[in-house]
Ligand code: F6R
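Written out as structure tokens, the structure reads:
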């Protein structure tokens, strides 16, 4: 299906809730390739006629696969950008063009340095103009777009506030290029790039909604579960200045390109029974019954016949009714997810248990993308597994050193320095010069500079110590921790990491040597460009098919990202108040990590409340897991 043409095509029954044309792809690379192919076609057609193309471009992680594909088309298929003029959506205010987080720098790194676009054809709002000249400079930007003949195609991403460009909630439909204040959520989302929310600029210069809507064609891309809720609001909700992407509904040539995860909250995906006939298999039935129970605010077993009919799920009763029969089926399914024996209960009938009883004890391998992730996602379960006699190994995939503040590194270096001085220097010359070197490097790079290798190494060691402390609280001995320090992490920065074969090889050889019976790996892949998603991908690429894996189950845990919904949970490990307390204690050991990253016990409580509301037993907390089968998602 072509992305660019047939904008006015009649919508199918399934799409009737969607007010902007929305195309769903299995993943971001396929969508990006198709968009790049269409853009290439546009450029070539215009070249043939001696005409120019004016493209509006976006930054952020969303368009990166699209830019990679354009670069590939340039290198391998000779696509020239000599007739292309570009206008970027926005720029942080106050950042010079060569600041490593400026959008100027981003565009050079991700696209312009790798194609043949003439420098003079590139336009990016200037974030350095003095305040009293900003208005003029914005007017001039608008005039430049007009003079170029207007935007032929504007590429857009979407922020969690629903912004396009940096048009935060409250931006009107006819707003033009201007200086705006960034929303709190937007600044939080950029915090990892700037090594802390306090460093994220407060203002930005952005094209307005009106500027964007004047483009002849708009394509908005969105990837990952993190975007699912806002995509639904923009596509299915009412048009409102509180969600500036919703204005795309009023444009006559706009398309959303989304991957399956970003589409997951659209009605056709989340409540398919509302848009047409569905096949009532076990999974769909469970989903619909949980949805109905939550909608009616009553436990599963109390939902009655009429309520099925009144809420458009009467068809389910025709297929599998009566209501009580369907309810009890789902109740049992939920009940069977609950287990205090995450490694399987030895000598028990395991027909209805999430994990098999044998072998016992099991070799268990837990992957933690950053040192704290496994403890955040499954600290209580780790403690259970150890206590129940399994051989637990925790593989910490990256050093996590980018998370550690300068203050922590400074503290350790100055302790070493003072110890050396106390001892009087004898035999401690090496340590003294190391400490002085670290302190010197910290001072030289300043607050926002890039950490030299030595500083990164020290920060990694600090986190190692904290991880060992946290593990001990969960009963895990030091020797059971393996630090993989995957090279992709050491060479990169958040949202700019790229996985290499060496990374995958490290995971592959660990798996081969240990041959676990049970593996836990992060399911925090809502943002496909996140570190956790990359670590998951390394695992998925490394795990062999067949052989020892035929006697191995893989479980996905969730950390600070979206919790699993009731219908997604395959194993629910309940926790008592004491066990939840222990988990909190282990998380408190990560002193050099921002507390926001560690606040999961509340999520465990919420999952427990969700089970309670559905009519299950009432626990203090639940750690939830999804079973992964090879190929079920990448
Ligand atoms: C970027 C821009 C923003 C981003 C949006 C999504 O130029 O204007 O609207 O498209 O914040 O960011 P990512 O892609 O990083 O999720």
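Residue numbers (the numbering used here): 603 to 1236. For each residue, glycine too, the CB sits at the ideal point set by N, CA and C.
Rounded to a whole number of angstroms, what is the C-alpha to C-alpha distance between residue i and residue j?
i	j	result
residue 733	residue 746	20 Å
residue 772	residue 802	21 Å
residue 1067	residue 1192	9 Å
residue 762	residue 1035	47 Å
residue 603	residue 681	In this predicted model, residue 603 has a pLDDT of only 43, less than 50, meaning its place in the structure is not dependable enough to derive any value.
residue 1090	residue 743	38 Å
residue 962	residue 992	7 Å
residue 790	residue 832	16 Å
residue 1237	residue 1208	For the chain, the structure presents residues 603 to 1236; residue 1237 sits outside this window and is missing.
residue 658	residue 857	15 Å
residue 918	residue 818	45 Å
residue 797	residue 977	22 Å
residue 1124	residue 986	18 Å
residue 636	residue 846	25 Å
residue 1101	residue 1088	9 Å
residue 1005	residue 854	45 Å
residue 1080	residue 1073	8 Å
residue 1225	residue 650	59 Å
residue 1069	residue 684	52 Å
residue 971	residue 754	42 Å
residue 1169	residue 750	52 Å
residue 768	residue 806	7 Å
residue 938	residue 896	20 Å
residue 1184	residue 1016	32 Å
residue 1212	residue 830	21 Å
With burial defined as no fewer than 16 other Cβ atoms inside 10 Å of the residue's Cβ, what is the status of residue i: buried or exposed?
i	result
residue 1219	exposed
residue 1117	exposed
residue 884	exposed
residue 1176	buried
residue 1244	Here the chain has residues from 603 to 1236 only, and residue 1244 is not among them.
residue 1203	buried
residue 634	buried
residue 956	buried
residue 647	exposed
residue 1130	buried
residue 632	exposed
Comparing C-alpha positions only, which one of the options sits nearest to residue i?
i	options	result
residue 587	1231, 1182, 956, 978	This structure cannot speak to residue 587, because the chain is shown only from 603 to 1236.
residue 876	864, 1195, 893	893
residue 914	949, 730, 878, 726	878
residue 1243	985, 983, 973	The chain is shown only over 603 to 1236; residue 1243 falls outside these bounds and no answer can be derived.
residue 1216	690, 898, 884, 748	898
residue 677	716, 849, 842, 1120	716
residue 690	711, 726, 668	726
residue 975	1026, 1134, 890, 1063	1134
residue 825	659, 1113, 1204, 1132	1132
residue 1108	1137, 723, 1052, 687	1137
residue 990	1110, 1078, 648, 1041	1078
residue 936	683, 867, 1161, 887	887
residue 619	649, 644, 1161, 865	865
residue 1085	1001, 752, 1122	1001
residue 794	629, 816, 1003	1003
residue 1121	933, 755, 838, 1232	1232
residue 861	1164, 900, 1025, 667	667
residue 693	766, 1158, 968, 1179	766
residue 1140	672, 1110, 629, 1076	1110
residue 1198	1178, 783, 1162, 1098	1162
residue 593	1094, 1039, 1032	Nothing can be reported for residue 593: it is not among the residues displayed for the chain, which extend from 603 to 1236.
residue 1228	1166, 816, 731	1166
Starting from residue i, trace the alpha helix (DSSP H) in both directions and tell me its first and last residue.
i	result
residue 1040	1031 to 1047
residue 733	Where residue 733 is concerned, there is no enclosing alpha helix (DSSP H), given that its DSSP letter is neither H nor E.
residue 1182	1179 to 1190
residue 912	907 to 912
residue 672	666 to 679
residue 1058	1055 to 1075
Start and end of the beta strand (DSSP E) containing residue i?
i	result
residue 916	It is not in any beta strand (DSSP E) - residue 916 instead sits in the alpha helix (DSSP H) that spans 916 to 922.
residue 823	820 to 824
residue 943	Segment: none, residue 943 is in no beta strand (DSSP E) and carries neither H nor E.
residue 689	686 to 690
residue 1214	Taken as a continuous stretch (DSSP letters only), residue 1214 belongs to no beta strand (DSSP E), being part of the alpha helix (DSSP H) at 1203 to 1215.
Of all the CB atoms in chain E, is at least one closer than 7 Å to the CB of residue i?
i	result
residue 667	The displayed structure is made up of one protein chain only, and chain E is not part of it.
Notebook entry, point to check: Can at least three beta-carbon pairs, one atom from the stretch 908 to 927 and one from the stretch 936 to 948, be found at a separation below 8 Å?
Noted result: No, because fewer than three Cβ pairs between the stretch 908 to 927 and the stretch 936 to 948 fall closer than 8 Å, the two stretches do not touch.
Next item on the list: Pair every Cβ in the stretch 1142 to 1154 with every Cβ in the stretch 1013 to 1032, then say whether three or more of these pairs are closer than 8 Å.
Entry: no
Notebook entry, point to check: Looking at C-beta atoms only, is the number of pairs between the stretch 738 to 753 and the stretch 695 to 711 that lie closer than 8 Å three or more?
Noted result: no
Checklist line | Three CB pairs or more closer than 8 Å across the stretch 1038 to 1051 and the stretch 1004 to 1017 | finding: yes
Item checked: Segment contact, 8 Å Cβ cut-off, at least three pairs: the stretch 747 to 766 with the stretch 660 to 674 -> Under the Cβ criterion (8 Å, minimum of three pairs), the stretch 747 to 766 counts as touching the stretch 660 to 674.
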